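A.B. asks: Please read through the structure below; I'll follow up with questions.
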Amino acid sequence: DTEVTQTPKHLVMGMTNKKSLKCEQHMGHRAMYWYKQKAKKPPELMFVYSYEKLSINESVPSRFSPECPNSSLLNLHLHALQPEDSALYLCASSQGQGAHQPQHFGDGTRLSIL
Amino acid sequence: QKEVEQDPGPLSVPEGAIVSLNCTYSNSAFQYFMWYRQYSRKGPELLMYTYSSGNKEDGRFTAQVDKSSKYISLFIRDSQPSDSATYLCAMTRSNTGNQFYFGTGTSLTVIP
Chain D
13 DTEVTQTPKH
23 LVMGMTNKKS
33 LKCEQHMGHR
43 AMYWYKQKAK
53 KPPELMFVYS
63 YEKLSINESV
73 PSRFSPECPN
83 SSLLNLHLHA
93 LQPEDSALYL
103 CASSQGQGAH
113 QPQHFGDGTR
123 LSIL
Chain F
6 QKEVEQDPGP
16 LSVPEGAIVS
26 LNCTYSNSAF
36 QYFMWYRQYS
46 RKGPELLMYT
56 YSSGNKEDGR
66 FTAQVDKSSK
76 YISLFIRDSQ
86 PSDSATYLCA
96 MTRSNTGNQF
106 YFGTGTSLTV
116 IP
C-alpha cells in the first residue's frame, strides 16, 4: 500500500457531470502534484502545489480545477470533461518542491468519460 | 529530440537473469535521477534515487549514472516474476524546482 491515498479508485462520468478526485498524504510533505497518465505513456504533470499554494499549472484546460484545502489534502474538481480526458489520474507528494526531493505516488483514479 | 529517451521494450527474460534497463538524456543540467516501478493498474513506486554520477545499490537493484555519457542504468540481479512491471526513469534539473522529466517506460516480463 502506498502512503499517498487516492479516492475513488475508479470513476465513470458523463460529459455534463461534476465530480471530484481526492488525494491524502500524512507524511508531512509540503508539495503535492496532479499527473495525468494515458496507457503505455509516462505521467504528464498537470499541477503543483507548494505549501498549499498553486505554483505550477501546466496549461491545463479550465475543466480541471485543483484545490488544496490543507497540507495533507489535494482535490481535483472535474466539470464538462471530454472523452479524451479518460486516463489514470495520479497524485504525488514530496517533502518540498526542491529538485532533490523524490516524489511518492498514489495508485491513481482511473477515470472514464462516457 | 526528447529530453529523456528510454527503449519501451517489451523486454522478456527468464527468471534469475540479470536485467539492464537504460535511459539517455540530452540536457547536461540534469542532476537528480530516479527509477520508478509501475505495476499494472498501480501508481509508480520509487525504487532508486541518485544524485550526480556514480553507483547506488539496494538489494538486487543497482542504479548507475554516467553524466559524461548522459546515460543512466538500472540493473536487476536474480530477476523474479514479481519484477514484471514497467520501469520508468525520471530526472530533474536543480533550477526547475521539482519538475520531473520521465522516460517513456520499459515493460519487463520475467518468465518463471
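Chains D and F, in that order, are what the protein sequence lines are.
First residue of the first sequence: 13, per my numbering; consecutive thereafter.
First residue of the second sequence: 6, per my numbering; consecutive thereafter.
Beta carbons: idealized from backbone N, C-alpha and C, even for Gly.
If you're wondering where the values come from, they're calculated on a predicted model, not measured in any experiment.
(1) Smallest Cα separation from residue 36 of chain F: which of F:95, F:110 and F:81?
(2) Is there contact between the region 69-81 of chain F and the region 21-38 of chain F, where contact requires at least three CB pairs shorter than 8 Å?
(3) Starting from residue 41 of chain D, find everything on chain F with Cβ-Cβ shorter than 8 Å and list it in chain order.
(4) If contacts are defined as beta-carbon pairs under 8 Å, then residue 117 of chain F and residue 86 of chain F qualify, I think. What distance do you get, rounded to the angstrom?
(5) Whose CA, out of D:50, D:103, D:109 and D:110, lies closest to the CA of residue 20 of chain D?
(6) With the cut-off set at 8 Å, would you say residue 37 of chain D and residue 24 of chain D are in Cβ contact?
(7) Residues of the region 38-52 of chain F in Cβ contact with chain D at a cutoff of 8 Å, in chain order, please.
(8) Can you give the Cα-Cα distance for residue 85 of chain D and residue 107 of chain F, rounded to whole angstroms?
(9) Would you list, in chain order, the members of the region 65-82 of chain D that have their beta-carbon closer than 8 Å to a beta-carbon of chain F?
(10) Under 7 Å Cβ-Cβ, which residues of chain D neighbour residue 66 of chain F?
(11) For residue 110 of chain F, I'd like the list of residues in its chain whose CB is within less than 6 Å of its CB, leaving aside the five on either flank, ordered along the chain.
(12) Compile a chain-ordered list of the residues in the region 7-32 of chain F whose CB is closer than 7 Å to at least one CB of chain D.
(13) Please determine if the region 48-63 of chain F and the region 16-32 of chain F are in contact, where contact requires at least 3 C-beta pairs separated by less than 8 Å.
(14) Mind checking if residue 53 of chain D is an interface residue toward chain F, Cβ cutoff 8 Å exclusive?
(15) The beta strand (DSSP E) that contains residue 134 of chain F, what's its start and end?
(16) Excluding the five sequence neighbours on either side, which residues of its own chain have a C-beta within less than 6 Å of the C-beta of residue 107 of chain D, listed in chain order?
(17) Whose CA, out of D:115, D:31 and D:52, lies closest to the CA of residue 13 of chain F?
(18) Short check: CB of residue 53 of chain F to CB of residue 79 of chain F, under 8 Å?
(19) Mind checking if residue 59 of chain D is an interface residue toward chain F, Cβ cutoff 8 Å exclusive?
(20) Taking only beta-carbon positions, decide if residue 54 of chain F is within less than 8 Å of chain D.
C.D. replies: Working from what's here:
(1) Residue mapping note: residue 36 of chain F aligns to position 31 of the second sequence, counting from 1. When each option's Cα is compared against that of residue 36 of chain F, the closest is F:95.
(2) Touching, yes.
(3) Taking the first sequence and counting its residues from 1, one reaches residue 41 of chain D at position 29. Within chain F, no residue has its beta carbon less than 8 Å from that of residue 41 of chain D; the closest one is some 11 Å off.
(4) Residue mapping note: residue 117 of chain F aligns to position 112 of the second sequence, counting from 1. Residue mapping note: residue 86 of chain F aligns to position 81 of the second sequence, counting from 1. Between residue 86 of chain F and residue 117 of chain F the Cβ distance is about 5 Å, and since that is below 8 Å, they are a contact.
(5) Counting from 1 along the first sequence, the entry for residue 20 of chain D is found at position 8. Considering only alpha carbons, the answer is D:103.
(6) Residue mapping note: residue 37 of chain D aligns to position 25 of the first sequence, counting from 1. Residue mapping note: residue 24 of chain D aligns to position 12 of the first sequence, counting from 1. No; because the gap between Cβ atoms is not below 8 Å, this pair is not in contact.
(7) Within the region 38-52 of chain F, the residues whose Cβ lies closer than 8 Å to some Cβ of chain D are 39, 41, 46, 47, 48, 49, 50 and 51, listed in chain order.
(8) Within the first sequence, residue 85 of chain D is the residue found at index 73, counting from 1. Within the second sequence, residue 107 of chain F is the residue found at index 102, counting from 1. Going from the Cα of residue 85 of chain D to the Cα of residue 107 of chain F covers about 25 Å.
(9) 67 and 68
(10) Taking the second sequence and counting its residues from 1, one reaches residue 66 of chain F at position 61. Here the premise fails: no neighbours, minimum Cβ distance about 15 Å.
(11) The sequence position of residue 110 of chain F within the second sequence is 105, counting from 1. These residues qualify, in order along the chain: 91 and 93.
(12) Of all residues in the region 7-32 of chain F, none has a Cβ within less than 7 Å of some Cβ in chain D.
(13) no
(14) As a working mapping, residue 53 of chain D is identified with position 41 in the first sequence. Yes, because at least one Cβ of chain F sits closer than 8 Å to the Cβ of residue 53 of chain D.
(15) What the structure shows of chain F is the stretch from 6 to 117, and residue 134 of chain F is not part of that stretch, so it cannot be assessed.
(16) Position 95 of the first sequence, counted from the start, is the residue given in the question as residue 107 of chain D. Within the same chain, residue 107 of chain D has close Cβ partners 41 and 113.
(17) As a first step, residue 13 of chain F is located in the second sequence; it is residue number 8 there, counting from the start. The option with the nearest alpha carbon to residue 13 of chain F is D:52.
(18) Working through the second sequence from its first residue, we reach residue 53 of chain F at position 48. Working through the second sequence from its first residue, we reach residue 79 of chain F at position 74. A contact, by the Cβ cut-off of 8 Å.
(19) Within the first sequence, the letter at position 47 stands for residue 59 of chain D. No - not a single Cβ of chain F is within 8 Å of the one on residue 59 of chain D.
(20) For the purposes of this step, residue 54 of chain F is identified with residue 49 of the second sequence, where counting begins at 1. So, interface residue.
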